[in-house]
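Novice:
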Amino acid sequence: MSSSSLSNDVFSLELSTVVEDFCDVVLYVDAAGFIVGTKGPISTFFKTDHVIGRTVWSVLGLKVNDISELLAKYPPEDIQEIFSAHQSESFCLRIVPLPEHFCASGGFVVVVTSNSPLMDLCGAYEQRLSDNITAWDDSMALFHALFETTADPTFLVDAKQRVLSANDAAKALYKESYSPGKNCLEIIRPADPDILHEAMRTLRPGKSWTREMHVLEGMDKRLPVELTLRRVDLNASRVYHLVLRDLSELNTLEKGLHKSKAQVEGMNVTLRNVLNSVEEEKQDLREEISRQVKDQILPALDRMAREECPEVREDYYGLLKDRLVAVTHDPADPLDALVLTLTPRELEIAKLIAAGQSSKQIGELLGSSFDTIQTHRKNIRKKLGIRGKRVSLYAFLNSQGYLGAS
Numbered sequence: 001m002s003s004s005s006l007s008n009d010v011f012s013l014e015l016s017t018v019v020e021d022f023c024d025v026v027l028y029v030d031a032a033g034f035i036v037g038t039k040g041p042i043s044t045f046f047k048t049d050h051v052i053g054r055t056v057w058s059v060l061g062l063k064v065n066d067i068s069e070l071l072a073k074y075p076p077e078d079i080q081e082i083f084s085a086h087q088s089e090s091f092c093l094r095i096v097p098l099p100e101h102f103c104a105s106g107g108f109v110v111v112v113t114s115n116s117p118l119m120d121l122c123g124a125y126e127q128r129l130s131d132n133i134t135a136w137d138d139s140m141a142l143f144h145a146l147f148e149t150t151a152d153p154t155f156l157v158d159a160k161q162r163v164l165s166a167n168d169a170a171k172a173l174y175k176e177s178y179s180p181g182k183n184c185l186e187i188i189r190p191a192d193p194d195i196l197h198e199a200m201r202t203l204r205p206g207k208s209w210t211r212e213m214h215v216l217e218g219m220d221k222r223l224p225v226e227l228t229l230r231r232v233d234l235n236a237s238r239v240y241h242l243v244l245r246d247l248s249e250l251n252t253l254e255k256g257l258h259k260s261k262a263q264v265e266g267m268n269v270t271l272r273n274v275l276n277s278v279e280e281e282k283q284d285l286r287e288e289i290s291r292q293v294k295d296q297i298l299p300a301l302d303r304m305a306r307e308e309c310p311e312v313r314e315d316y317y318g319l320l321k322d323r324l325v326a327v328t329h330d331p332a333d334p335l336d337a338l339v340l341t342l343t344p345r346e347l348e349i350a351k352l353i354a355a356g357q358s359s360k361q362i363g364e365l366l367g368s369s370f371d372t373i374q375t376h377r378k379n380i381r382k383k384l385g386i387r388g389k390r391v392s393l394y395a396f397l398n399s400q401g402y403l404g405a406s
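Laid out in C-alpha cells, this is it:
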C-alpha cells in the first residue's frame with residue numbers, strides 16, 4: 001500500500017475548514033482507494049475505529065475489487081443510496097475527487113451519510129400523513145353524510161357565488177335550473193338578490209346571516225324560506241354554506257293559529273259579555289229581593305206584629321211564608337208583592353171576598369157598613385192593580401191561588 005504517496009499533510013487548511021462543517025463521516029482516500037484519514041463518528045458509524053490503511057470499499061462493504069470498479073459503479077459527484085453488505089441500514093455515498101492543487105498525486109473525499117435519521121423522519125411523516133389522510137377521509141365522509149341527509153335544500157358556494165355542490169333536497173327542488181358552477185343567485189333567484197349579494201360580501205369568517213325571504217321554486221312559484229348563510233374560510237379560499245328552510249307549512253300553521261286565536265278572542269268577548277250580563281242580572285235580582293224584603297215583607301211583618309186578631313196574624317203568616325218561598329224562586333211574581341201591601345182589614349176582607357162572601361155579608365160579619373166594605377174593595381182593587389179593569393175581584397184573587405176560603 002503506497003500510503004506514503006498521500007498523507008494528512010497534503011490537505012491544506014481550506015479543505016479542513018470545509019470538512020469541519022460535515023456532521024457525517026468523511027473518509028480521506030488516496031488515488032488507490034486506501035483510507036488515509038477520517039472525520040466524524042467513525043466508531044459509531046462503522047462499529048470500529050480501525051479503518052486507516054483499509055480500502056474504502058472494504059470498510060463500506062461494497063462489492064468491488066479496486067478503485068476503478070468503485071468509480072465506475074459509483075461515479076464521482078453523484079449521490080447514491082448504498083445498502084452495505086455487512087450493515088443493516090442504508091446510507092448515502094458521495095465521492096468527491098480532490099483538485100490537483102490539494103493533492104498532486106490524486107485522491108478523493110468520500111462522504112458517507114446515514115439514512116437512519118432520514119428514514120425515521122420519513123416514517124414519522126408517513127405516519128402523520130397517513131393519520132391526516134384518514135382524518136380527512138373521515139371528515140369528508142361525515143361531511144357528506146350530514147350534507148346529503150339534511151332535509152333542507154343546501155348549497156356550497158364559492159367566493160364568486162358559484163355552486164360547488166348541492167344536496168339531494170336542493171337538486172330535487174331546482175332540478176330544472178341546477179348545475180354545478182352556476183351562480184347560486186341564478187338558481188334560487190331570491191326576491192331581493194342585492195341583499196344576499198351584500199351579505200356574502202360583508203359576512204365575516206365563521207359568522208352566520210339569516211333572513212326570511214321568497215325564492216323561486218320551480219319555474220314560476222315563489223317559496224317563503226328562512227335563508228341561512230355561513231362563511232367558512234379554508235387555507236387558500238373561502239366557501240359559503242347556504243341553507244333554505246321551507247316556511248310554507250309554518251306560515252300555514254301560523255295563519256291557522258292566528259285564525260283560531262281570533263276565534264278564541266271572539267268567544268272570550270262573547271263569554272265576557274255573557275258573564276257581565278249574568279252578573280248584572282244577579283245584581284238586579286239581589287236589588288229586587290232587597291227591595292221586596294224592605295218594601296213588602298218587613299212592613300207586613302210589622303203589621304202582623306201589631307195585629308191582635310189571631311186569624312189575621314195567621315193569614316199574614318201564610319202570606320209571608322208563601323212570599324218568602326216565592327222570593328227564592330220567582331221574586332217577580334206580582335200578586336204576592338201586592339197582597340202584602342194590604343192592611344190587616346183589607347187582607348181580612350180580601351180573604352172573605354176570595355171565599356165568595358158578598359159585601360153585605362162581609363159587613364155583617366165584620367160589623368161594618370156596606371159603604372165601608374165597598375171602600376175597602378176599591379182600595380184592594382187599586383193596590384192589586386186592577387182598578388178600572390173589567391175583571392172580578394173574586395175571580396182575580398182565586399185565579400192566583402194565594403187567597404182561599406178559611
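Taking UniProt numbering, the leading residue of the sequence shown gets 1, the next gets one more, and so forth.
For glycine and all other residues, C-beta sits at the position ideal for the given N, C-alpha and C.
Remember, predicted model here, so these are calculated numbers, not experimental data.
1. Enumerate, from N- to C-terminal direction, the unbroken beta strand (DSSP E) stretches of 3 or more residues contained entirely within the segment 142 to 184.
2. Per DSSP, what kind of secondary structure is glycine 388 in: helix, strand or coil?
3. Between the C-alpha atoms of alanine 72 and leucine 98, what's the straight-line distance to the nearest angstrom?
4. Since phenylalanine 108 sits in a beta bridge, which residues does DSSP pair it with?
5. Helix, strand or coil for aspartate 233 per DSSP?
6. Less than 8 Å between the CB atoms is what I'm expecting for arginine 223 and aspartate 246, so what's the real figure, rounded?
7. For my contact list, tyrosine 394 and glycine 356 are in at a C-beta cut-off of 8 Å; report their separation, rounded to the angstrom.
8. Quick one: Cα of cysteine 122 to Cα of alanine 236, how far?
9. Using a Cβ-Cβ cut-off of 7 Å (strictly less than) and excluding sequence neighbours within five positions of arginine 189, which residues of its own chain qualify?
10. Check whether the Cβ atoms of methionine 161 and asparagine 132 lie closer than 9 Å to each other.
11. Should alanine 151 go down as buried or exposed, given a rule of 16 or more other Cβ atoms within 10 Å for buried?
12. Taking a contact to mean a Cβ-Cβ separation below 9 Å, would you say tyrosine 174 touches isoleucine 187 in this structure?
13. Provide the residue(s) that pair with histidine 214 in DSSP beta bridges, ordered along the chain.
14. Considering Cα atoms alone, identify which of Ile380, Gly106, Thr341, Leu70 is closest to leucine 93.
15. Going by DSSP, what residue range makes up the beta strand (DSSP E) through valine 239?
16. Does the count of Cβ pairs from the segment 338 to 354 and the segment 377 to 396 closer than 8 Å reach three?
17. What's the gap between the Cα of valine 312 and the Cα of leucine 342?
18. Are serine 130 and phenylalanine 147 closer than 9 Å when you measure CB to CB?
19. Evaluate contact between the segment 298 to 307 and the segment 253 to 267, counting only Cβ atoms and requiring at least three cross-stretch pairs below 8 Å.
20. By the 10 Å Cβ neighbour count, where 16 or more other Cβ atoms means buried, how is threonine 154 classified, buried or exposed?
21. With DSSP as the reference, label cysteine 309 as helix, strand or coil.
Specialist: With the structure as the only source:
1. 154 to 158, 163 to 166
2. The DSSP-derived three-state label of glycine 388 is coil.
3. 17 Å
4. Val29, Pro97
5. strand
6. This sequence places leucine at residue 223; arginine is not what is there. That belief holds up - the Cβ atoms of leucine 223 and aspartate 246 are roughly 7 Å apart, short of 8 Å.
7. 7 Å
8. Going by the C-alpha atoms only, they are around 26 Å apart.
9. Here arginine 189 has Val215, Leu216 as same chain residues with Cβ atoms under 7 Å from its own Cβ, once five neighbours each way along the sequence are excluded.
10. Here residue 161 is glutamine; the residue named in the question, methionine, does not match the sequence. Contact: no.
11. exposed
12. yes
13. Pro224
14. Leu70
15. 238 to 246
16. Contact between the segment 338 to 354 and the segment 377 to 396 is established, with three or more Cβ pairs separated by less than 8 Å.
17. Rounded to whole angstroms, valine 312 to leucine 342 spans 12 Å at the Cα level.
18. no
19. no
20. It is buried - the Cβ of threonine 154 has at least 16 other Cβ atoms within 10 Å.
21. Residue state, collapsed to three classes: coil.
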